[in-house]
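Report on one structure; see the data block that follows.
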Amino acid sequence: DTFDTSNTDYYRPVYHHTPLYGWMNDPNGMVYKDGEYHLYFQYNPYGSKWGNMHWGHSVSTDLIHWNHLKPAIARDTLGHIFSGSTVVDKNNTAGYGDNALIALYTSASDEHGQIQCMAYSTDDGRTYTKYEKNPVLLPFDGLKDFRDPKVFWYEPDKKWVMIVSADKEMRFYASQNLKDWEYMSAFGKGYGAQPNQFECPDFIQLPVDGDKNKMKWVMLVNINPGCMFGGSATEYFVGDFDGKEFTCDTKPETVKWLDYGKDHYAAVCISNTGERIISIPWMSNWQYANVTPIRQYRGANGLPRELSLYTKDGQIYVAADVVKEVEALRKDTRSFDPITVKDEYKIDEIVPQTDGAYELEMDITPNTSGVAGFDLMNAKGEVAKIYLDMKSGKLVMDRTASGLVAFGEKSEPHAKETDDHRKTMSVNYQNDFALGTWAPLSLCEGKTYHLNVFVDKCSVEIFVDGGRIAMTNLVFPTEPYNTLRFYIEGGEAQVSNMKVYKLGL
Ligand code: FRU
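Now the structure itself:
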């Protein structure tokens, strides 16, 4: 049940999941069952811009190699098939058999609005039958934005719980059979970075600092617009859940980001993975997702990330570290002796005959009160700048001169959104794409930072200290970056344990 098309896009990633043809946005309905990870996604099979939403479908046994299958749920008379989730119905609560896969998703149309629907699969997620009495849930107050149901089993009460985004809040519902849903509570008004609207929520439980006696609930929410750097981003809240209501540990104004780049959105977790919690993002931003310089397909997923909780300065944060399975991508390894960076230090040809798909790993100790960093550059002078700004305590990635930075229809600056950005960055801001992003180094511990940087044709994903900082940004260099130029402003920096891995499937 696979189909194949040959790639015609220069920027198609080598090792990130992309649809073979057509448009992709959010990952949705991700679930693990019998050795297979199912990645469903918002999919337009008819063209490479948003529209005609289906659930596309790919499967993997290792989170890295994906097989493209036929779309699993097609658009129907109730409208687009928007985002949602899938659960394994272990005890046959819905009546379609033990271990049936049950998908809850939003049907969206002008005529019926946004309503929650259900479909089930008894052939390992290949095909779904829609429930004949859809919809299963309507907004009690006629809300226009009511979507992206995430369902999970709440063991203490032996019930299903749904969290669904409802404009400026998230609503919790409970069910015994995945069909009849009862409203319980709402959370979100006034909390965190205030979005235009919340989308794609998730709700997961994790131990704090690895201590299973200290479990916390984490609400992930995707917000658009509302990203500190404009457009789409993923934030989260840490707190407690009593089976009915979520209480947040922090004050409403506290904002925590799952990723500090501009191209990390609609991230949700895979259901049924036991104690391991794995999220996958869509690697784009609604500001320019429809106009990126790509033709045959549009949309890629970021690398899967394993989530954990750590404490820093009395606060609990989520670390989002790339899953260890990515190590299987490492083809050739080049190890470097320790480097002391004074002024600059340049390495050409970091990957011989590169196709622009590699990983850079290093420990960097910036003994400076200025800037210590490196440029990923090509012979055309296109550069992705990554640096530690010790004056302001920030990790920065600047893509102002990274290659193509204005494409398709003109990407208008959103004045209000980018005010924050203008205040915090001093880059030569041109449009929504040509800019930098930053993260606070105070999330890390110690004076040495461990970096894993994944480059794949048109993306750079940075993980610092096991995901305490994650930063995902698209870049469109017109030839691969193959020179690494370290530099320092004042003082010096030590770079040790540096390795460059050529990556491939
Ligand atoms: C998020 C989103 C969801 C919606 C889907 C539609 O990117 O807007 O809220 O379900 O995309 O494709």
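So for the sequence shown, the working numbering puts the first residue at 14; every next one is plus one. Cβ coordinates follow ideal geometry from the N, Cα and C atoms, glycine included. Keep in mind the model is a prediction, meaning the values are calculated, not measured.
Neighbourhood of residue i by C-beta, 7 Å cutoff - its chain only, sequence neighbours within 5 removed
| i | result |
| --- | --- |
| residue 216 | 163, 165, 176, 230, 232 |
| residue 440 | Unreliable placement is indicated for residue 440, whose pLDDT of 44 sits below 50; the coordinate value is still reported in the next sentence. Correct list, in chain order: 411, 413, 448, 449. |
| residue 379 | 385, 401, 403, 506 |
| residue 490 | 391, 395, 415, 416 |
| residue 426 | Here the model assigns residue 426 a pLDDT of 46, short of 50, so the residue's position is not dependable and the matter cannot be decided. |
| residue 207 | 239 |
| residue 429 | Since pLDDT at residue 429 reaches only 45, below the 50 mark, its modelled position is unreliable, and the value read off the structure follows with that caveat. Hits under 7 Å: none found. |
Among the options, the one whose alpha carbon lies nearest that of residue i
| i | options | result |
| --- | --- | --- |
| residue 87 | 35, 72, 140 | 140 |
| residue 323 | 375, 207, 220 | 220 |
| residue 228 | 218, 235, 234 | 218 |
| residue 29 | 295, 475, 482, 120 | 295 |
| residue 9 | 480, 329, 396, 259 | Outside the shown range of the chain, which is 14 to 518, sits residue 9, and nothing can be said about it. |
| residue 212 | 193, 279, 490 | 279 |
| residue 201 | 195, 210, 194 | 210 |
| residue 223 | 376, 332, 372, 283 | 332 |
| residue 19 | 81, 460, 363 | 81 |
| residue 154 | 196, 143, 145, 168 | 196 |
| residue 204 | 261, 321, 142 | 261 |
| residue 461 | 377, 496, 408 | 377 |
| residue 365 | 133, 142, 150, 496 | 496 |
Rounded Cβ spacing between residue i and residue j (contact assumed at less than 8 Å)
| i | j | result |
| --- | --- | --- |
| residue 6 | residue 248 | Because the chain in this structure spans residues 14 to 518, residue 6 falls outside the shown range and cannot be described. |
| residue 487 | residue 472 | 5 Å |
| residue 256 | residue 170 | 5 Å |
| residue 234 | residue 214 | 5 Å |
| residue 102 | residue 112 | 7 Å |
| residue 446 | residue 419 | 7 Å |
| residue 470 | residue 26 | 5 Å |
| residue 514 | residue 397 | Their Cβ separation, rounded to whole angstroms, is 18 Å, which puts residue 514 and residue 397 out of contact at 8 Å. |
| residue 77 | residue 338 | 5 Å |
| residue 138 | residue 275 | In fact, because the Cβ distance is near 32 Å, the residues do not count as touching under 8 Å. |
| residue 383 | residue 503 | 4 Å |
Residue i - containing beta strand (DSSP E), residue span
| i | result |
| --- | --- |
| residue 175 | 172 to 179 |
| residue 228 | 224 to 237 |
| residue 496 | 496 to 501 |
| residue 399 | 396 to 402 |
| residue 51 | 49 to 57 |
| residue 296 | Taken as a continuous stretch (DSSP letters only), residue 296 belongs to no beta strand (DSSP E), as it is neither H nor E. |
| residue 95 | 93 to 102 |
| residue 456 | No beta strand (DSSP E) holds residue 456; DSSP gives it neither H nor E. |
| residue 188 | 182 to 188 |
| residue 474 | 472 to 477 |
| residue 387 | 384 to 390 |
| residue 40 | 35 to 46 |
| residue 77 | Element bounds for residue 77: n/a, residue is neither H nor E. |
| residue 266 | Segment: none, residue 266 is in no beta strand (DSSP E) and carries neither H nor E. |
| residue 492 | Counting along the chain, residue 492 falls outside any beta strand (DSSP E), and DSSP gives it neither H nor E. |
| residue 212 | 210 to 221 |
| residue 279 | 278 to 282 |
| residue 352 | 352 to 354 |
Close Cβ partners of residue i (< 8 Å) along its chain, the five nearest in sequence each way excluded
| i | result |
| --- | --- |
| residue 326 | 455 |
| residue 58 | 34, 35, 65, 67, 69, 84 |
| residue 199 | 179, 182, 183, 184, 185 |
| residue 127 | 95, 119, 120, 121, 152, 156, 157, 158, 159, 160 |
| residue 406 | 453, 454, 455 |
| residue 194 | 129, 149, 150, 175, 186, 187, 188 |
DSSP bridge partner residues for residue i (one or two, in chain order)
| i | result |
| --- | --- |
| residue 317 | Paired residues: none, contrary to the question. |
| residue 374 | 465, 512 |
| residue 141 | According to DSSP, residue 141 bridges with nothing at all. |
| residue 70 | 53, 82 |
| residue 169 | In the DSSP output, where bridge partners are listed per residue, residue 169 has none listed. |
| residue 130 | 118 |
| residue 334 | 319 |
| residue 345 | 515 |
| residue 164 | 175 |
| residue 380 | 505 |
| residue 251 | 231 |
| residue 450 | 410 |
CB contact below 8 Å: residue i versus chain C
| i | result |
| --- | --- |
| residue 495 | The structure shown contains no chain C; it is built from a single protein chain. |
Close beta carbons around residue i, own chain, < 6 Å, minus the five adjacent residues each side
| i | result |
| --- | --- |
| residue 394 | none |
| residue 359 | 498 |
| residue 293 | 40, 314, 317 |
| residue 569 | Here the chain comprises residues numbered 14 to 518, so residue 569 is not present and cannot be evaluated. |
| residue 355 | 505 |
| residue 307 | 22, 24 |
| residue 465 | 374, 476 |
| residue 431 | Unreliable positioning characterises residue 431 in this predicted model, as indicated by a pLDDT of 49, which lies under 50. A coordinate reading is not provided. |
| residue 347 | 513 |
| residue 345 | 515 |
| residue 44 | 51, 99, 284, 285 |
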